[in-house]
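Chains as they are written, first to last, in this note's numbering: chain A, 3 to 119; chain B, 430 to 544.
Idealized CB from N, CA, C, for every residue including glycine.
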Amino acid sequence: AQKITQTQPGMFVQEKEAVTLDCTYDTSDPSYGLFWYKQPSSGEMIFLIYQGSYDQQNATEGRYSLNFQKARKSANLVISASQLGDSAMYFCAMRVGSNFGNEKLTFGTGTRLTIIP
Amino acid sequence: DTEVTQTPKHLVMGMTNKKSLKCEQHMGHRAMYWYKQKAKKPPELMFVYSYEKLSINESVPSRFSPECPNSSLLNLHLHALQPEDSALYLCASSQDDYGVGNEQFFGPGTRLTVL
Numbered sequence: 003a004q005k006i007t008q009t010q011p012g013m014f015v016q017e018k019e020a021v022t023l024d025c026t027y028d029t030s031d032p033s034y035g036l037f038w039y040k041q042p043s044s045g046e047m048i049f050l051i052y053q054g055s056y057d058q059q060n061a062t063e064g065r066y067s068l069n070f071q072k073a074r075k076s077a078n079l080v081i082s083a084s085q086l087g088d089s090a091m092y093f094c095a096m097r098v099g100s101n102f103g104n105e106k107l108t109f110g111t112g113t114r115l116t117i118i119p
Numbered sequence: 430d431t432e433v434t435q436t437p438k439h440l441v442m443g444m445t446n447k448k449s450l451k452c453e454q455h456m457g458h459r460a461m462y463w464y465k466q467k468a469k470k471p472p473e474l475m476f477v478y479s480y481e482k483l484s485i486n487e488s489v490p491s492r493f494s495p496e497c498p499n500s501s502l503l504n505l506h507l508h509a510l511q512p513e514d515s516a517l518y519l520c521a522s523s524q525d526d527y528g529v530g531n532e533q534f535f536g537p538g539t540r541l542t543v544l
């Protein structure tokens with residue numbers, strides 16, 4: 003069974019500072035994908051970044067980067083130069099590979115990030 | 430168009446009412462999903478439609494009835510709900526239901542309150 007663990011229920015970060023949100027995962031399948039989603043108070047889940055298990059380089063998307071440490075089974079999200087608009091709930095999620103489809107997205111419990119002016 | 434739309438945004442219904450939630454995407458995606466999310470919890474998968482056929486039902490009570498009329502539309506019919514069904518209902522779509530890299534695009538959700 004797949005499992006995603008986010009150990010930080012809440013974080014407070016000063017504006018313009020970098021922030022790292024932790025995510026560890028557990029799966030025995032060699033093929034998997036890791037995702038980060040942002041959920042503002044409005045409710046919409048916004049896709050941020052994706053890392054495949056076979057990707058050689060860490061994924062980056064603008065101010066977002068994923069610190070992928072495969073041996074440690076961690077996929078931490080790094081947000082550089084945080085902004086007030088980054089205040090939201092952040093979910094780490096994983097999908098295990100299958101040739102048959104029907105593989106579910108497993109979510110962590112989330113981290114509530116608050117950016118302080 | 431990279432948007433998933435959901436209507437209505439808010440819905441208040443009594444336990445004897447019948448209502449429907451609607452979800453639409455025009456990205457050509459062939460997999461669509463319904464999630465239920467309670468406050469301060471991650472989304473919980475309810476149903477998956479793959480190529481307009483129901484492929485996953487996560488043991489959801491029959492008072493929730495999904496429907497996929499075509500590849501762009503997904504409905505969730507609600508009947509005889511309970512107060513504990515009050516939640517944010519999220520719709521999502523992805524290119525298809527295969528492969529690890531298929532990111533799901535979510536709609537803004539419908540906040541449902543059952544009185």
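- Listed in chain order, the positions of the stretch 527-541 of chain B with a beta carbon within less than 8 Å of a beta carbon of chain A are Y527, G528, V529, G530, N531, E532, Q533, F534, F535, G536, P537, G538 and R540.
- The alpha carbon of E513 of chain B has as its nearest neighbour, out of B:M442, B:D526, B:P537 and B:I485, the alpha carbon of B:M442.
- Annotated three-state conformation of L544 of chain B is coil, per DSSP.
- A check of alpha carbon separations from R492 of chain B across B:N504, B:F476, B:A509 and B:P498 identifies B:A509 as the nearest.
- G538 of chain B places its beta carbon 8 Å or farther from that of L507 of chain B.
- Three or more beta-carbon pairs separated by less than 8 Å link the stretch 17-30 of chain A to the stretch 72-84 of chain A, which places the two stretches in contact.
- Secondary structure of P537 of chain B (DSSP, three-state): coil.
- Below 8 Å, too few C-beta pairs join the stretch 43-57 of chain A and the stretch 104-115 of chain A to call them touching: fewer than three.
- Beta-bridge analysis with DSSP links V433 of chain B to B:Q454.
- Residues of the stretch 17-39 of chain A with a C-beta atom less than 8 Å from some C-beta of chain B are S33, Y34, G35, F37 and Y39, listed in chain order.
- Listed in chain order, the positions of the stretch 492-526 of chain B with a beta carbon within less than 8 Å of a beta carbon of chain A are L517, L519, A521, D525 and D526.
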